[in-house]
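> Just so we're aligned, residue 0 is where the sequence shown starts under numbering that gives the first Met the number 0, counting upward by one.
Virtual Cβ for every residue (Gly too), placed ideally from N, Cα, C.
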Amino acid sequence: MRVIGIDPGLRNLGWGVIDVAGSRLTHVANGICHSAPSDNDGDLALRLVSLHSQLTDVLRTYAPDTAAVEHTFVNKDAVATLKLGQARGIALLVPGQFGLTVGEYAPNAVKKTVVGVGHAAKQQVDHMVRLHLPGVTINGPDAADALAIAICHAHHMQSAGRLQAALKRAAG
Numbered sequence: 000m001r002v003i004g005i006d007p008g009l010r011n012l013g014w015g016v017i018d019v020a021g022s023r024l025t026h027v028a029n030g031i032c033h034s035a036p037s038d039n040d041g042d043l044a045l046r047l048v049s050l051h052s053q054l055t056d057v058l059r060t061y062a063p064d065t066a067a068v069e070h071t072f073v074n075k076d077a078v079a080t081l082k083l084g085q086a087r088g089i090a091l092l093v094p095g096q097f098g099l100t101v102g103e104y105a106p107n108a109v110k111k112t113v114v115g116v117g118h119a120a121k122q123q124v125d126h127m128v129r130l131h132l133p134g135v136t137i138n139g140p141d142a143a144d145a146l147a148i149a150i151c152h153a154h155h156m157q158s159a160g161r162l163q164a165a166l167k168r169a170a171g
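#1: Are the beta-carbon atoms of Asn107 and Asn29 separated by less than 9 Å?
#2: In the DSSP assignment, what are the bridge partners of Leu24?
#3: Mind checking which residues open and close the alpha helix (DSSP H) that includes Ile89?
#4: Taking only the alpha-carbon atoms, compute the straight-line gap between His126 and Thr55 and give it to the nearest angstrom.
#5: Under the rule that 16 or more other beta-carbon atoms within 10 Å means buried, what is Lys110, buried or exposed?
#6: Taking only three categories from DSSP, how would you classify Val135?
#7: Assign His118 to one of two classes, buried (16 or more other C-beta atoms within 10 Å of its C-beta) or exposed (fewer than that).
#8: Given this structure, state the Cα-to-Cα distance separating Ala142 from His154, to the nearest angstrom.
#9: Note down, in chain order, each residue of its chain lying with its Cβ closer than 6 Å to the Cβ of Met0, except the 5 sequence neighbours on either side.
#10: Looking at the secondary structure, which residues open and close the beta strand (DSSP E) in which Ile100 lies?
#11: Please report the straight-line C-alpha distance between Gln53 and Ala62, rounded to a whole angstrom.
#12: At the level of alpha carbons, what is the spacing between His26 and Gly134?
#13: Cβ of Pro94 within 9 Å of Cβ of Ile150?
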């Protein structure tokens, strides 16, 4: 099964693709979709179109079977939170356009799954992603977060699969 993790951001939208075979995780690719701001604040729509186009190309290229997106982190700046929410909309829309189911995870759930601690630092997440995916070259912190989201989704899907198998055995 191929999983894409997406770390939403208006300037930097991280993505990471892994293959999952049983408990084995293999790195496929990772990167960052960039949407540079201009002097004109009215170009938010163009920035979102750019992210949509770039992420669509990623999904076309790597053909994942499922996707996972991180929940929006709400901060004190309401305008920034709304803009991040719009980028998150793109992160949900594109996989949906490809017919994929999308898992959604809180940042602390991703960190707890990958690092073992819900409030881990970015460096700890990066380190653990490298342990899960030996030899990986990570294209930046946003890509590392996206790979962590993909790893989290893979673990949750494996747990759900084991639960379903156990329920079938118990019923049957």
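From the atom records:
#1: no
#2: Val19
#3: Ala77 to Gln96
#4: 28 Å
#5: buried
#6: coil
#7: exposed
#8: 18 Å
#9: Val19 and Asp64
#10: According to the sequence as given, residue 100 is Thr; it is not Ile. Run containing Thr100: none; DSSP gives neither H nor E here.
#11: 14 Å
#12: 9 Å
#13: no
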